[in-house]
Amino acid sequence: MEDGRGKEVVEPKPEDMDQEPEAMDPQELVSSDDEIDYSIKPEFYDPNLDEKDELWVRKQRKEGHSDAVLSCPACFTTLCLDCQRHAEYATQFRAMFVTNCEIKSDKLLPQQK
367 MEDGRGKEVV EPKPEDMDQE PEAMDPQELV SSDDEIDYSI KPEFYDPNLD
417 EKDELWVRKQ RKEGHSDAVL SCPACFTTLC LDCQRHAEYA TQFRAMFVTN
467 CEIKSDKLLP QQK
């Protein structure tokens, strides 16, 4: 049987349906780039986004210099844009002005020894 483009179509036999498919050769795989239409402008792309983000950060900072930007290690939400390195412990920082953080004073965390 042929499809509309003149290529022969091989239909699977019922006994072949129970078998596991053979592993594909990586050289034969078609790149997903072949499926992308680059003539259409991406809906969520903004080429000026980095510049806009930089302006926002400059407005949020009180001073132009910070030793670090602190983020949540779980979700990467920005917690502090203005930080100071600890005087004695080089891997610790002090958050000067914290955002996106809520203190739950009703929960106590045990101090690790």
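Residue 367 is where the sequence shown starts when you use my numbering, and the numbers rise one by one after that.
For glycine and all other residues, C-beta sits at the position ideal for the given N, C-alpha and C.
CA-CA distance, M462 and Y411?
The sequence position of residue 462 within the sequence shown is 96, counting from 1. The sequence position of residue 411 within the sequence shown is 45, counting from 1. Their backbone Cα atoms lie some 33 Å apart in a straight line.
Closest by C-alpha distance to Q458, when choosing among N414, N466 and A434:
The residue labelled residue 458 in the question sits at position 92 within the sequence shown. Considering only alpha carbons, the answer is A434.
With distance defined between alpha-carbon atoms, name the residue in R427, D472, P476 and N414 nearest to L447.
Against the sequence shown, residue 447 aligns to sequence position 81. Measuring from the Cα of L447, the nearest candidate turns out to be R427.
Can you tell which of Y455, T443, P439 and S432 has the C-alpha that lies nearest to the C-alpha of C449?
Walking along the sequence shown from the start, residue 449 turns up at place 83. Among Y455, T443, P439 and S432, the Cα nearest to that of C449 belongs to S432.
With 16 other Cβ atoms within 10 Å as the buried cut-off, status of L436
In the sequence shown, residue 436 corresponds to position 70, counting from 1. So L436 ends up on the buried side.
Under a three-way DSSP split, which group does V423 fall into?
As a working mapping, residue 423 is identified with position 57 in the sequence shown. The answer is helix: DSSP assigns V423 an H, G or I state.
Roughly how many angstroms separate the alpha carbons of D472 and A456, rounded to a whole number?
In the sequence shown, the residue the question calls residue 472 occupies position 106. In the sequence shown, the residue the question calls residue 456 occupies position 90. About 31 Å.
Excluding sequence positions up to five away, which residues of its chain have a Cβ less than 6 Å from the Cβ of N319?
The requested residue 319 is not part of the displayed model; the chain covers only 367 to 479.
So what's L445 in DSSP terms, helix, strand or just coil?
Within the sequence shown, numbered from 1, the residue matching residue 445 stands at position 79. Looking at L445 - three-state DSSP - the assignment turns out to be strand.
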